[in-house]
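Take a look at the structure set out below.
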Amino acid sequence: PSLELCPNTNFPEFAFIGRSNVGKSSLINMLVNRTSLAKTAAKPGKTRLINHFLINNNWYLVDLPGYGYASASKTEIKNWNNFISDFLLKRENLSCLFVLVDSRLEPQKIDIQFINNLGELQIPFVIISTKSDKVSKLKVQNNFKLLIDELKKTWEIIPEIIISSSKTKEGRDAILDIIDKTIKEWDYNKSFI
């Protein structure tokens, strides 16, 4: 894979990334009210390419391969990681990266490292805490607090975090509001070019 294969347009892009099996494809399908736009699977590592979906003929939803576990060779994983790094660092149309974390789990080291790297690289992002319907509200709240406590170790201002559920559609409006606001800013800024 290479960046040359990505669409060459002037549309803003909103990318979704997270550990394998965090519920990324389900979240994408929930956002666009479709059941099979992004392929879902019980087995981690289903998404192996960067998939661009043109939405409303004015922005792209980008499904990135998950990081962490995947049933792939070390060479494949290294190639994915290099490609994703190139995408995040060089893709001019990337307007916002949505980083998905699993609300059922305490903060995972790999997620915190990834989030901290995004901050160092000044890549705009929002955290989405997925699968909130799979555990009790108390468990979600406790893990949310633990995530904030972990982020406070390196962040002066805590990044925006949205709690979501693909099943109940919790968080959908908040995510779409961020996308809508960013598109309006994108259109406004492009009008001066």
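Residues are numbered in the working numbering as their position in the sequence shown, beginning at 1, plus a constant of 896.
C-beta: ideal position from N, C-alpha, C; glycine also.
Since the structure is predicted, the reported quantities are computational estimates derived from the model, not experimental observations.
### Query
Can you tell which of L957, L1001, N977 and H948 has its C-alpha closest to the C-alpha of K1027?
L1001
#### Entry: Buried/exposed call for W1051, threshold 16 Cβ in 10 Å
exposed
#### Entry: Every unbroken beta strand (DSSP E) inside the stretch 950-1005 [3 residues or more]
955-959 and 990-998
### Message
Could you give the first and the last residue of the continuous beta strand (DSSP E) run that contains I924?
### Response
Note, I924: premise wrong, no beta strand (DSSP E); alpha helix (DSSP H) at K920 to L927.
### Task
Inspect the beta-carbon positions of F912 and K920 and report whether they are closer than 9 Å.
yes
### Message
Using only CA atoms, which one of K1080, V1036 and I1023 lies nearest to R915?
### Response
I1023
### Query
What residue range is occupied by the uninterrupted alpha helix (DSSP H) comprising V1036?
K1033 to K1048
### Message
Looking only at its chain, what residues have a beta carbon closer than 8 Å to the beta carbon of N977, apart from the 5 residues adjacent to it on each side?
### Response
Y963
### Task
With DSSP collapsed to three states, give me the class of F1010.
helix
### Message
So for I1071, helix, strand or coil by DSSP?
### Response
helix
### Neighbourhood of A1070 by C-beta, 7 Å cutoff - its chain only, sequence neighbours within 5 removed
I1058
### Message
Buried or exposed for N1039, going by 16 or more other Cβ atoms inside 10 Å?
### Response
buried
### Query
What's the gap between the Cα of V1080 and the Cα of D982?
It is Lys, not Val, that sits at residue 1080 in the sequence shown. Approximately 26 Å between the Cα atoms of the pair.
### Task
Just confirm the distance between the C-beta atoms of L993 and L1014, as a whole number of angstroms; I'd bet it's less than 8 Å.
7 Å
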